[in-house]
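Using the numbering used here, read the sequence shown as starting at -8 and increasing by one per residue. For each residue, glycine too, the CB sits at the ideal point set by N, CA and C. Quantities reported herein were computed from a predicted structural model and do not represent experimental measurements. See below for the structure under consideration.
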Amino acid sequence: MEFIDEALLKYAEDHSAKEPELLQKLNRETHLKVMQPRMLSGHLQGRILSMFSKLVQPKTIVEVGTYTGYSALCLAEGLQANGLLHTIDNNDERVPLLNRYFTEAREQNRIRIHTGNALDILPSIDGPIDLVFIDADKHNYKNYFNIVIDKVRPGGLIISDNVLWSGKVLESSKANDVDTIALKEFNDYLASNPKVEIVLLPVRDGLSVAMRK
Ligand SMILES: C[S@@+](CC[C@H](N)C(=O)[O-])C[C@H]1O[C@@H](n2cnc3c(N)ncnc32)[C@H](O)[C@@H]1O
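Rendered as structure tokens:
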């Protein structure tokens, strides 16, 4: 299932920068061999992440939720030459695949893979951070945001994925599951947070972009 009309998505992809060949390969391999390929950011969202990163020109990027490394490679496209991207995932089974793709992209020295619970690892990553991508367990989004917010430099971005949660954020609160409740709380929290300027983009499953004031 796609998050928006398939024909419109294809039109948007056809009129956006091409998905780089290595990412096409990773996208295919993920769909063939890895559980829950819908978690991968994909062509359009990947190009958006790449463009944000190129605009910010980050020296330090932090990603929560590596999965098969697709979004990490998109974000790394904007890294400064001596920059570093920290990516965190609590599943170590995909590390060989990650190493293979990060090496093929010649990014193995600029992407550091952290394996474990992001709640334990995030506090050990020093600021200043220029760009954060939150894309892991939904009930911890607010915790992740609060751990990083004071390490993010003014003008830096915190981008969070799946904030529309297939439209479930519109459902009445009685019908809500824990993840929907957490995402609704997170969206409200960001919208009224004086430390950030926020825009919620209805791209794919909802991408919120918070700029540190
Ligand atoms: C949606 S996927 C990430 C997709 C990836 N960012 C992309 O766009 O290609 C979410 C990932 O978060 C990881 N995850 C879930 N809970 C976590 C936690 N508490 N700490 C670290 N990683 C976690 C999962 O193992 C999964 O690989």
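Hey, residue i and residue j are a contact pair by Cβ (cut 8 Å); roughly how many whole angstroms apart?
i: residue 120; j: residue 143; result: 5 Å
i: residue 138; j: residue 113; result: 5 Å
i: residue 79; j: residue 105; result: 4 Å
i: residue 21; j: residue 31; result: 5 Å
i: residue 203; j: residue 118; result: Not a contact, Cβ separation roughly 11 Å.
Answer yes or no: do residue i and residue j have a C-beta to C-beta separation smaller than 8 Å?
i: residue 4; j: residue 34; result: yes
i: residue 40; j: residue 62; result: yes
i: residue 55; j: residue 125; result: yes
i: residue 85; j: residue 59; result: yes
i: residue 155; j: residue 196; result: yes
i: residue 75; j: residue 51; result: yes
i: residue 129; j: residue 173; result: yes
i: residue 8; j: residue 29; result: no
i: residue 133; j: residue 188; result: no
i: residue 89; j: residue 57; result: yes
i: residue 53; j: residue 123; result: yes
i: residue 178; j: residue 191; result: yes
i: residue 92; j: residue -1; result: no
i: residue 64; j: residue 44; result: no
Give the single residue among the options whose Cα lies nearest to the Cα of residue i.
i: residue 48; options: 84, 71, 130, 140; result: 71
i: residue 77; options: 109, 94, 161, 133; result: 109
i: residue 73; options: 87, 99, -5; result: 99
i: residue 198; options: 36, 170, 82; result: 36
i: residue 81; options: 189, 127, 134; result: 127
i: residue 159; options: 181, 153, 152, 171; result: 171
i: residue 194; options: 153, 169, 186; result: 153
i: residue 10; options: 168, 107, 180, 42; result: 42
i: residue 83; options: 97, 107, 169; result: 107
i: residue -6; options: 157, 180, 184; result: 157
i: residue 145; options: 168, 185, 180; result: 185
i: residue 169; options: 136, 131, 181; result: 131
i: residue 181; options: 163, 135, 15, 111; result: 135
Given the structure, does residue i come close to ligand 2, in the sense that its CB is under 7 Å from one of the ligand's heavy atoms?
i: residue 56; result: As presented, the structure is devoid of ligand 2, carrying ligand 1 as its sole ligands.
**beta strand (DSSP E) segments (min. 3 residues) lying fully within the stretch 87 to 157** = 102 to 106, 120 to 125, 143 to 152
**Message:** If we require 4 or more residues per run, which alpha helix (DSSP H) segments fall completely within the stretch 7 to 84?
**Reply:** 12 to 24, 33 to 47, 61 to 67
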